[in-house]
Structures are given as structure tokens and as C-alpha cells.
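Asker:
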Amino acid sequence: MYELKTKENEHSVIAFIEAVDHPKKREDAYQLLDIFTETTGYQAKMWGASIIGFGSYHYKYASGHEGDAPLVGFSPRKARISLYMATGDPNREKLLPELGKHKAGKGCIYINKLADINPAVLKKMIIQSVTFLQEAYPSSKK
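See below:
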């Protein structure tokens, strides 16, 4: 049976951020930590080895696959910073053009640095993503 690798754990978010090599990326990670914490009201938790997540929800697909995932999150990766938002939310697509310089994948938005994007739009996207997932999965928990 498939075992989900990205699970919430008790590893230190601060220790993870402190281990980020690039000083500017580390600074951006701390700023994102503040933005996500203030916007969601959730405490940051590590998910797997490299994702900082906020809140959680339980999903179940038609295939029977199910698991838990953060409502939103980010990861200061070597190449780019990954922002994790809800997939399948049509309102996300409406906000993306206002975000600033980014690349968008199915479940991630990639940015080079925080200065490239509009923090007010990021906050709107975070709120929209959390709302969308809580409506789609009503048993979402803190």
C-alpha cells in the first residue's frame, strides 16, 4: 500500500529555516512565515523534510487514496521558493496575474524571491486557498 511521505511532524520550523544556505532566501522564509501565520491564524508545522505548512485537511479521492495535507504552505528550496496553494480553485487563476513574477504549476507557485511578488495579493491567495479547501473538505482542522 502507498504510504504518504509528506506528513506533519514535530521537527522545528525555525531550525529548518536557519539551515537555509542563502541568507536572502532565509530572510524571505522568515517573512513568509510571518505572512502565512498572520493570514491563516494557524501555527506553522513541518510537513515532511522541507515544507512549512499551515492548518490541515483530510482528502479522499474517488480512487480511494486518502491522506492529510496542509491547507497552505511554502518551502524555501535551492532553486526557487515554492508556495503551496489549493489545486482546482478557479479563483486562484484569477489572482495569479496580479501576483507578480512567478511560475505556476498544478499545486505550486514558484517565485525567485519575495520582492518579486505583491504581498497583498499573496495574502488574498492564502485566504482564498484556505477557504476553498475548508469548503471542499469541511472536516478541516487546525
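Numbering (our numbering), first residue to last: -4 to 137.
Just so it is clear, CB atoms sit at the ideal spot from N, CA and C, and this is done for glycine as well.
On a predicted model such as this, the values are computed, not experimentally measured, just so you know.
Can you give, in chain order, each stretch of the beta strand (DSSP E) that sits fully within the segment 53 to 105 and has at least 3 residues?
Answerer: 61 to 64, 67 to 71, 76 to 79
Asker: If you draw a straight line from the C-alpha of Y132 to the C-alpha of Q26, how long is it?
Answerer: Reading the sequence shown from its first residue, position 137 is the one you call residue 132. Reading the sequence shown from its first residue, position 31 is the one you call residue 26. In this structure, the CA atom of Y132 is about 29 Å from the CA atom of Q26.
Asker: So what's K108 in DSSP terms, helix, strand or just coil?
Answerer: Mapped onto the sequence shown, residue 108 falls at position 113. In this structure, K108 counts as coil in the three-state DSSP scheme.
Asker: What is the rounded straight-line gap between the Cα of P71 and the Cα of K40?
Answerer: Against the sequence shown, residue 71 aligns to sequence position 76. Against the sequence shown, residue 40 aligns to sequence position 45. Their Cα atoms are separated by approximately 14 Å.
Asker: Identify the continuous beta strand (DSSP E) that holds A39 and give its terminal residues.
Answerer: Working through the sequence shown from its first residue, we reach residue 39 at position 44. In the DSSP assignment, A39 falls within the unbroken beta strand (DSSP E) covering 39 to 42.
Asker: With respect to the alpha helix (DSSP H) encompassing K2, which residues constitute its N-terminal and C-terminal limits?
Answerer: Here the question's residue 2 lines up with position 7 in the sequence shown. Neither: K2 is in no alpha helix (DSSP H) and is coded neither H nor E.
Asker: Since L28 and I47 should fall inside the 8 Å C-beta cutoff, what is the C-beta to C-beta distance between them, to a whole number of angstroms?
Answerer: For the purposes of this step, residue 28 is taken as the residue at position 33 of the sequence shown. For the purposes of this step, residue 47 is taken as the residue at position 52 of the sequence shown. Confirmed, about 7 Å.
Asker: With distances taken Cα to Cα, identify the nearest neighbour of E33 among L128, Q129, I122, P92.
Answerer: By 1-based counting over the sequence shown, the position of residue 33 is 38. Nearest option by C-alpha distance: I122.
Asker: Can you tell me whether DSSP reads K124 as helix, strand or coil?
Answerer: For this step, residue 124 is matched to residue 129 along the sequence shown. Here residue 124 is Ser; the residue named in the question, Lys, does not match the sequence. Here S124 sits in helix by DSSP.
Asker: Of the residues G43, G68, H53, which one's Cα is nearest the Cα of G102?
Answerer: Taking the first residue of the sequence shown as position 1, residue 102 is located at position 107. When each option's Cα is compared against that of G102, the closest is G68.
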